[in-house]
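Novice:
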Amino acid sequence: MLEGYSDSNWISDADELYATSGYVFTLGGGAISWRSCKQTILTRSTMEAELTALDTATVEAEWLRELLMDFPVVEKPVPTILMNCDNQTVIVKVNSTIEVCQEVEKLRSNKCDLYSN
Numbered sequence: 147m148l149e150g151y152s153d154s155n156w157i158s159d160a161d162e163l164y165a166t167s168g169y170v171f172t173l174g175g176g177a178i179s180w181r182s183c184k185q186t187i188l189t190r191s192t193m194e195a196e197l198t199a200l201d202t203a204t205v206e207a208e209w210l211r212e213l214l215m216d217f218p219v220v221e222k223p224v225p226t227i228l229m230n231c232d233n234q235t236v237i238v239k240v241n242s243t244i245e246v247c248q249e250v251e252k253l254r255s256n257k258c259d260l261y262s263n
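Using the numbering used here, read the sequence shown as starting at 147 and increasing by one per residue.
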């Protein structure tokens with residue numbers, strides 16, 4: 147299973163303006179992709195810095211998933227990628243956003259069904 151971990155360090159030094167993001171992805175227990183870099187946008191809170199780090203990691207996760215789909219030895223479809231984050235506020239926000247998106251999708255589906263009758 148492909149698993150990702152993201153984290154950030156929000157302005158740990160008074161001279162710093164940008165937070166640091168990092169992520170690592172493992173497959174079968176071994177690291178296959180990792181990165182640590184300064185964020186390119188100013189964040190106003192730890193939550194924003196963590197969300198930015200998670201967003202960066204998600205882009206890499208999508209790329210890795212596409213790459214794995216090209217390998218003939220990997221089971222298809224590629225299983226869901228488990229993303230890990232250590233910030234509870236971000237976890238709650240992301241999960242509530244997913245729930246809202248799922249509800250919107252249900253409403254759109256129902257609306258389409260109504261028009262097709």
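Idealized CB from N, CA, C, for every residue including glycine.
#1: Are the beta-carbon atoms of Ser242 and Ala195 separated by less than 9 Å?
#2: With H, G and I counted as helix, E and B as strand and the rest as coil, what does DSSP make of Leu163?
#3: Three-state secondary structure (DSSP) at Val238?
#4: Taking the continuous beta strand (DSSP E) assigned at Met147, which residues delimit it?
#5: Am I right that Gly175 and Met229 are in contact with their C-beta atoms under 8 Å? What's the rounded C-beta distance?
#6: Assign Leu260 to one of two classes, buried (16 or more other C-beta atoms within 10 Å of its C-beta) or exposed (fewer than that).
#7: Can you list, in chain order, the residues of its chain with a C-beta nearer than 6 Å to that of Thr172? Leave out the 5 residues immediately preceding and following it.
#8: Which first and last residues belong to the beta strand (DSSP E) in which Trp180 is found?
#9: Name the two residues that bound the continuous beta strand (DSSP E) containing Leu210.
#10: Between which two residues does the beta strand (DSSP E) carrying Leu228 extend?
Specialist: Looking at the atomic coordinates:
#1: Here residue 242 is taken as the residue at index 96 of the sequence shown, counted from 1. Here residue 195 is taken as the residue at index 49 of the sequence shown, counted from 1. In this structure, Ala195 does not lie closer than 9 Å to Ser242 by Cβ.
#2: The count along the sequence shown starts at 1 and reaches residue 163 at position 17. Coil at Leu163, not helix or strand.
#3: Residue 238 sits at position 92 when you count from the first residue of the sequence shown. Helix at Val238.
#4: As a first step, residue 147 is located in the sequence shown; it is residue number 1 there, counting from the start. Per DSSP, Met147 belongs to no beta strand (DSSP E) and is neither H nor E.
#5: For the purposes of this step, residue 175 is taken as residue 29 along the sequence shown, with counting starting at 1. For the purposes of this step, residue 229 is taken as residue 83 along the sequence shown, with counting starting at 1. Not really, about 17 Å apart at Cβ, beyond 8 Å.
#6: Here residue 260 refers to the residue found at position 114 when the sequence shown is read from its first residue. Because Leu260 carries a pLDDT of 38, less than 50, the predicted location of this residue cannot be relied on, and the following value inherits that uncertainty. Leu260 comes out exposed.
#7: What you label residue 172 is simply residue 26 of the sequence shown in a count that begins at 1. Hits under 6 Å: Glu149.
#8: To locate residue 180, count along the sequence shown from 1; it is residue 34. Taken as a continuous stretch (DSSP letters only), the beta strand (DSSP E) holding Trp180 covers Gly176 to Lys184.
#9: For this step, residue 210 is matched to residue 64 along the sequence shown. Not the beta strand (DSSP E): Leu210 falls in the alpha helix (DSSP H), residues Thr192 to Asp216.
#10: Within the sequence shown, the letter at position 82 stands for residue 228. Start and end: Leu228 to Cys231.
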